[in-house]
Each structure stands twice: as C-alpha cells, then as structure tokens.
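Colleague: Numbering (my numbering), first residue to last: 2 to 201. We put the beta carbon where it would ideally sit given N, CA and C, even for glycine.
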Amino acid sequence: MDAELMNQLQSLGANGLPYAIPIHPNLVHLTLGLFILAIAFDFIGVLFPFEKHVFKFFAIPAARANFFDVGWYNMLASAIITVFTVAAGFYEIMLANPYTNVKSAWGMEAMETMLWHGVGGVFLFSLMIGMTIWRAFQRFSWRKDRTRQVQWSYLMAGMAILFIMFVHGTLGAQLAAEFGIHNTADQLLRMGENPNIVLR
Numbered sequence: 002m003d004a005e006l007m008n009q010l011q012s013l014g015a016n017g018l019p020y021a022i023p024i025h026p027n028l029v030h031l032t033l034g035l036f037i038l039a040i041a042f043d044f045i046g047v048l049f050p051f052e053k054h055v056f057k058f059f060a061i062p063a064a065r066a067n068f069f070d071v072g073w074y075n076m077l078a079s080a081i082i083t084v085f086t087v088a089a090g091f092y093e094i095m096l097a098n099p100y101t102n103v104k105s106a107w108g109m110e111a112m113e114t115m116l117w118h119g120v121g122g123v124f125l126f127s128l129m130i131g132m133t134i135w136r137a138f139q140r141f142s143w144r145k146d147r148t149r150q151v152q153w154s155y156l157m158a159g160m161a162i163l164f165i166m167f168v169h170g171t172l173g174a175q176l177a178a179e180f181g182i183h184n185t186a187d188q189l190l191r192m193g194e195n196p197n198i199v200l201r
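1) Can you tell me whether Leu48 is buried or exposed, with buried defined as 16 or more other CB within 10 angstroms of its CB?
2) Taking the alpha carbon of Gly46 as the point to measure from, which residue in Trp117, Phe69, Ser142 and Pro19 has its own alpha carbon closest?
3) Count the other CB atoms within 10 Å of the CB of Gly131; is the residue buried (16 or more) or exposed (fewer)?
4) Are there any heavy atoms of the ligand MN lying less than 8 Å away from the beta-carbon of His118, as far as the coordinates show?
5) Please report the distance separating the alpha-carbon of Ile22 from that of Ala78.
6) Is DSSP giving Ser105 helix, strand or coil here?
7) Quick one: what does DSSP say Val151 is sitting in, helix, strand or coil?
8) Grab the span of the alpha helix (DSSP H) containing Leu31 for me, first residue to last.
9) Using 8 Å as the threshold, is the stretch 171-179 in touch with the stretch 92-109, meaning 3 or more CB pairs across them?
10) What's the gap between the Cα of Tyr1 and the Cα of Asn102?
11) Pick helix, strand or coil for His1, following the three-state DSSP scheme.
12) In its own chain, which residues sit with a C-beta less than 7 Å from the C-beta of Leu35, not counting the 5 before and 5 after it?
13) Pull up the CB-CB distance for Ala89 and Leu28, whole angstroms please, since I reckon it's below 8 Å.
14) With DSSP collapsed to three states, give me the class of Glu113.
15) Name the residue from Leu116, Phe85 and Val84 whose alpha carbon lies nearest to the alpha carbon of Ile94.
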C-alpha cells in the first residue's frame, strides 16, 4: 500500500473514523424513528373510529386521512434514509478494528457479529423498500377510495419487522459496547488515554 495512504489511515480519530462522530448509528436511529412513526400513525388511522371520541374530548381537530398521510410520508422517508444508513454502515465497518479476544452476550465473536449485522442490514433494507412499495400500492391504487388506507396484514408485517429491527439493533449495540467498534471512549481507554481529559 502507498505510504501516503498509510499515513491517512494513521490519522484516523480515536473512534477509528476520519470524522469525530460515527454517521451510521445516528442514521440508524433516524431510520428506526421514521419507521416506528409510520407504523404507529397507520395504526392510529385504522383505530380512528374508536379514538375519535378521545380527540373530540381533548378538542384536538383530527381527520383519519391525516394519520394515513403521516404514516405514508414517514415510511417513504424511512426507505430513503435507509439507503444512506446501509451505505454508512458498510463504510464504517470496513474501518472497524474490534476486540478479538471477546465474545458477545450471544456467544459470537466480532467477525461473526459484523457479518450477521451486515447481512441483516441488507435484509432489513429490502424489507423496508418492500413495505414502502406495498404502502404506495395501498395509498395510490388498491385502497385509494377507502377510508381505511392500510391492510391489517401490512400492519402485522410492520410489527414483525420491528421485532427483526430489535434483534438486528442488539447486534449493532454489541459491536459498539462489547467489541469497541467506533466507540471513542472505549478506544481511548484501549490506547491508555483518559477520555475525561482527551474529550474535553
């Protein structure tokens, strides 16, 4: 490898990245939030006839179609952000320098955890794109003239994906917490530095 490239690698920050704050975890939480809101607002829209009295009691002007609008736009935004989330994840995992003498709470080593997290990310990305397409067909074609814009099967699939996200997110958390990947304080301790002094 070229000496100049080696120098660039050596100039990575304490977190092992060429920038101070890892991008992937931040985008992950944005993706999760948008997806959760999309499913939650679609649930509210479906259950609106039961909740209408509560909104009326609190003098909250609410229309059923508005909840479905929020569900649709959050799902669409989630799918778009996921492209960048997965891309940032693969970029950051290429720069990972995990602890090799540690096993996760699930009994896996660093490489196995990274592989499962990477494959899981692509799988979830596919599911989220599929959910967005499914939601688009419901909104613009199949159910455009109905008051209830989403199918129960769509909502149940969304709940199943939320469970998969939980499992997948636990793998990501293990990469940071147990293997020290891109965890600034952890890496500083590994180098014998005091994070309280360095990170002031």
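Modeller: Let's see:
1) Your numbering for residue 48 matches position 47 in the sequence shown. Leu48 should be labelled exposed.
2) Numbered from 1 along the sequence shown, position 45 holds the residue referred to as residue 46. The residue with the shortest Cα to Cα distance from Gly46 is Phe69.
3) Within the sequence shown, the letter at position 130 stands for residue 131. Exposed, because fewer than 16 other Cβ atoms sit within 10 Å of the Cβ of Gly131.
4) Of ligands this structure carries none, so the ligand MN is not represented either.
5) Here residue 22 refers to the residue found at position 21 when the sequence shown is read from its first residue. Here residue 78 refers to the residue found at position 77 when the sequence shown is read from its first residue. Their backbone Cα atoms lie some 23 Å apart in a straight line.
6) What you label residue 105 is simply residue 104 of the sequence shown in a count that begins at 1. In this structure, Ser105 counts as coil in the three-state DSSP scheme.
7) Taking the sequence shown and counting its residues from 1, one reaches residue 151 at position 150. Coil at Val151, not helix or strand.
8) Start at 1 with the first residue of the sequence shown, and residue 31 comes out as number 30. Taken as a continuous stretch (DSSP letters only), the alpha helix (DSSP H) holding Leu31 covers Ile24 to Val47.
9) yes
10) This structure gives no information on residue 1, because the portion of the chain shown stretches from 2 to 201.
11) The structure shown does not extend to residue 1, since the chain is modelled only from 2 to 201, so the question has no answer here.
12) To locate residue 35, count along the sequence shown from 1; it is residue 34. Asn75, Ala78, Ser79 and Ile82, listed in sequence order.
13) The count along the sequence shown starts at 1 and reaches residue 89 at position 88. The count along the sequence shown starts at 1 and reaches residue 28 at position 27. About 6 Å; that satisfies the 8 Å criterion.
14) In the sequence shown, the residue the question calls residue 113 occupies position 112. The answer is helix: DSSP assigns Glu113 an H, G or I state.
15) Translated into positions along the sequence shown, residue 94 becomes position 93. The option with the nearest alpha carbon to Ile94 is Leu116.
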